[in-house]
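Please read the structure below before turning to the comments.
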Amino acid sequence: MQHCVDHKREVGLRGEAYSEDRGCRRRKTSPARGRCGLPRPAAPAKSFPGSESVSAAGLRGIVGQGAAGCDWTKFLRGGFNRAAMRKLARLFAIGLLAGAGASAGAFAAAGGPNVVIIYTDDVGYGDVSCYGATRVRTPNVDRLAREGLRFTDAHCPAATCTPSRYALLTGEYAWRRKGARVLPGDANLIVPTDRLTLPRLFREAGYATAVVGKWHLGLGKGPVDWNGEIRPGPLETGFDYAFVIPATGDRVPCVFVENRRVCNLDPADPIRVSYRKKAGDDPTGKEHPELLKMKFSHGHNGTIVNGISRIGFMSGGRKARWKDEEIADTLTAKAVAFIEKNRDRRFFLYFATHDIHVPRAPHPRFVGKTPMGPRGDAIAQMDWCVGRILETLDRLGLAGNTLVVFSSDNGPVLDDGYQDRAVELAGGHKPAGPFRGGKYSAFEGGTRVPMIVRWPGHARRGVSDALVSHVDMLASMASLLGRGLPANAGADSFNALPALLGRSRVGRTRLVEQGGAISLRDGLWKYIPPHKGSPVAWQTGIETGNSPRPQLYNLAEDIGERRNLAEARPEKAKEMAELLTRLRSLPRTRP
């Protein structure tokens, strides 16, 4: 998060460097906090790997006449005025970007690091202690934050899971793809198999690639035969190995798929799945609520599996069905095994946890760990999963050459279909932190999520307020590996590697956000177009951002999106509305 509107030129929305000691001039502020109320980022390191290759002469070459006439001795004597200081700041930022490019080339020449993306589910900005949570402790996520770069303005591409995961793996906004919505458990694969994806990028660079955890991007083509070979799927998108939950924990089928087959399936007990009518004789939550160990609050009244009713209907596959309390252990063990197996070669692991999605049924050893009931205990379990990955990297001596990214697929939700007392037990916990909305919402709470990048010796430690998005992972990782993107790939993916590694405080200047309404961030301005629907979702109690009127917010002064400035600043609202329309009309937004 940047600090003030009148600081925009100095803080870096257009490439200028951040100045730690200048403070916000519009009113007195704490030296530790800006006008926006969020902590100031740590001061940038004095030098970055690769930046030493950019000399003053090199800067002049990069910017041409922009560097002409700069009196460097006058600058050193403190004789520059503010305009000259801003010019020098621009040059410095350009130098950082150029240095980062040179450094990325060096990484590629050395073969590149291992990469682990830990993609959690429904974890909000305020759900982990390094982002302000106090009613739950997350020591392993906190460790990542201490040892890496913590982002305060990082965004998942959408406020729901399937669209975010699609954009992460393809580098394309999901609203471009027909059918890229929250999918039922029997949906077909929506990720293109004939285009470059994040896993295929790594595989083509010689990496072993794996996805472990929640998939929710569809499987197969046509009616899915859960009793035979299931393709296309993760392997056809670029993964060498896959051990996945087909959709979500609250949707049937409640089985794991390893590569192309259901695990532990007894051929004599075939699986049937339907999202239209009851399949077989298995009891449902609607018919037999007395059989439930966790009651549903809305929607989840289908087939009962492990004492919990789900969305949809299934029969058969009893030996293959998971136990919810064991999901975290099972997935984490598979992720650890993949790292161990590939310790002697480069690898890319996409570890997509089930936690903290519903149904929240953590292992008994986590029950009661927090005062917030199953949701809080699921956060503690998620943190344990992160710790197991970090411990494995340490034990195998791989931590120093592994880039770890921690984040979440969308903002938080409390009541998402089960009576687990998440609302009653939240207490003073604010799962979205200072932001309005949450999962499903067009407000910042829908897509602004925790994000940490750790790569010892390469990613600087501290806090970054750069605007970054998961949709940029494809182009950023391509840059890391010294590879370009073909014209038909990564339509909306920008190279944010300098920002991700802390070599630049500048990320994106604009970002399209999908949360019901498709909105636009332009620097510190946020525009939400008129959108039909209730302003509050009755099922979850979350403010959706739906309104018949346009909404315009200045996040520098109104981080909670409470003061709609569309009527006070009609020219700005019109400008952003036109910009959003133009961006949506383009076949791609990246250069």
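Taking the numbering used here, the leading residue of the sequence shown gets 82, the next gets one more, and so forth.
Glycine residues also receive a C-beta, built at the ideal position from the N, C-alpha and C atoms.
Nothing here was measured: the structure is a model prediction, and the numbers come from that model.
- When C-beta atoms of the region 443–451 are compared with those of the region 417–430, fewer than three pairs fall below 8 Å, so the two segments do not count as touching.
- Residue burial is scored here from C-beta neighbours: VAL333 has at least 16 other C-beta atoms within 10 angstroms and is therefore classed as buried.
- Close CB contacts of SER396 within its chain, under the 6 Å cut and outside five residues either way in sequence, are with ARG353, ALA360, GLY361, ASP363 (chain order).
- A buried status is given to ARG231, since no fewer than 16 other beta-carbon atoms sit within 10 Å of its beta-carbon.
- Bounds of the alpha helix (DSSP H) holding ARG456 are 454–476.
- LEU561: member of the alpha helix (DSSP H) spanning 554–561, first to last residue.
- Per DSSP, reduced to three states, the secondary structure at ASP603 is strand.
- When only Cα atoms are considered, MET657 and GLU253 end up about 21 Å apart.
- In this structure, ALA570 places its C-beta atom within 7 Å of the C-beta atom of LEU277.
- Under the 8 Å Cβ criterion, the region 296–311 counts as touching the region 259–277, having at least three qualifying pairs.
- The shortest CA-to-CA distance from ILE389 to any of ASP405, ALA409, ARG630 is the one to ASP405.
- In terms of Cβ geometry, LEU636 and LYS607 form a close pair [threshold 7 Å].
- Its chain contains PHE394 as the residues whose beta carbon lies nearer than 6 Å to that of SER355, once the 5 sequence neighbours on both sides are disregarded; these appear in chain order.
- Nearest to HIS381 by C-alpha distance, out of GLY330, THR625, PHE428, is GLY330.
- Of all C-beta pairs linking the region 525–536 to the region 449–469, fewer than three are shorter than 8 Å, placing the two stretches out of contact.
- In this structure, VAL196 sits near LEU484, with a CB-CB distance shorter than 7 Å.
- Spanning the alpha carbons of SER574 and ARG663 requires a straight line of approximately 17 Å.
- Assigned with DSSP and collapsed to three states, PHE419 falls in helix.
- Look at the region 503–546 and you find these whole runs of alpha helix (DSSP H), each 4 residues long or longer: 525–528.
- Contact between the region 541–552 and the region 576–589 is present: 3 or more CB-CB pairs across the two stretches fall below 8 Å.
- Under the 10 Å beta carbon count, PRO567 is surrounded by fewer than 16 other beta carbons and is classified as exposed.
- Nearest in C-alpha terms to ARG342, of all of VAL486, LYS367, LEU316, is LEU316.
- Selection ARG469, GLY622, LEU605, ARG476 evaluated against THR219 yields ARG469 as nearest (Cα-Cα).
- For LYS655, the three-state secondary structure derived from DSSP is helix.
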